[in-house]
Each structure stands twice: as C-alpha cells, then as structure tokens.
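Take a look at the structure below.
In this note's numbering, the protein residues as written are 180 to 311.
Set out below in structure tokens:
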C-alpha cells in the first residue's frame with residue numbers, strides 16, 4: 180500500500196484539497212499583542228489593566244477605522260491557579276478584576292484574546308492538584 184501511494188497509483192476518493200494561493204495575505208495581523216512589547220520591557224509591565232486600556236484607547240482613536248480590532252494579552256496576566264490548576268488573573272495587575280478589562284475592550288468595539296500556556300503547569304503538578 181505504501182509503495183503504491185509513493186508511485187501515485189492509488190485512486191482518490193472524496194474531495195481533493197486545493198493548494199493555497201501563494202500570494203501574500205490580503206491584510207496583516209490587525210491588532211495589538213502585549214507580547215510584542217514584553218520582549219523589550221518584561222512581563223507585567225504591558226499586561227496591567229491600565230496599559231491594556233491605554234492600548235485599546237489608542238487603537239480605537241488611531242487604528243480601528245483602518246480595520247484593527249484585536250487586543251491580545253499574552254504571558255504574565257495570571258497571578259496564581261485555582262484548585263484545579265487553572266490560571267487566575269493577577270489581582271495586582273487587575274485590581275478591579277479581569278472582567279472589567281474585557282468589558283472595557285469590548286466597549287471600545289474590539290475583540291480580546293487571552294493567551295494560555297498549553298498543558299499542566301509545574302505548580303499544579305507539584306501541588307498534585309485534581310486537574311479538570
């Protein structure tokens with residue numbers, strides 16, 4: 180079977196996938212990410228509620244009319260984990276809660292993205308938490 184597939188003598192069944200257009204994307208990534216700034220200034224400085232609101236306002240005032248719509252919060256937004264090992268937003272960075280920042284961004288007519296590190300954190304593993 181493998182040899183037959185290598186020589187292209189197997190029949191096709193179903194739909195045939197089409198190659199992607201090799202031209203450039205129609206438009207660039209249309210948003211802001213805290214990670215772009217963290218590499219220069221360190222985590223935490225660009226993920227605070229105050230900073231994210233400023234970025235959201237700047238986008239609304241200067242870029243949104245041109246199609247920009249995404250505010251993405253990358254590494255450094257969480258403070259601890261709950262009893263199941265899920266990240267909890269930092270109460271230091273978000274003194275009025277994370278939902279307040281999410282609502283602020285949405286009220287500016289933007290979409291918000293929140294990055295998570297995949298898998299089980301070392302803290303959850305070391306605490307032997309019941310993970311869900």
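Note that CB positions come from ideal geometry on N, CA and C, so glycine has one too.
Nearest-angstrom Cα separation, counted from residue j out to residue i
i           : j           : result
residue 261 : residue 298 : 15 Å
residue 308 : residue 278 : 25 Å
Proximity of residue i and residue j at Cβ, strictly below 8 Å
i           : j           : result
residue 227 : residue 272 : yes
residue 252 : residue 301 : no
residue 239 : residue 287 : yes
residue 237 : residue 264 : no
residue 205 : residue 250 : no
Contacts around residue i, its chain only, beta-carbon distance under 7 Å, and the 5 residues preceding and following it disregarded
i           : result
residue 202 : none
residue 281 : 291
Beta-carbon separation (whole angstroms), residue i vs residue j, contact threshold 8 Å
i           : j           : result
residue 313 : residue 266 : No information on residue 313 is available, as it lies outside the stretch 180 to 311 that the chain covers here.
residue 232 : residue 283 : 5 Å
Extent of the continuous beta strand (DSSP E) to which residue i belongs
i           : result
residue 260 : 257-260
residue 212 : 210-212
residue 250 : 249-252
residue 290 : 290-293
residue 296 : Unbroken run through residue 296: none, as it is neither H nor E.
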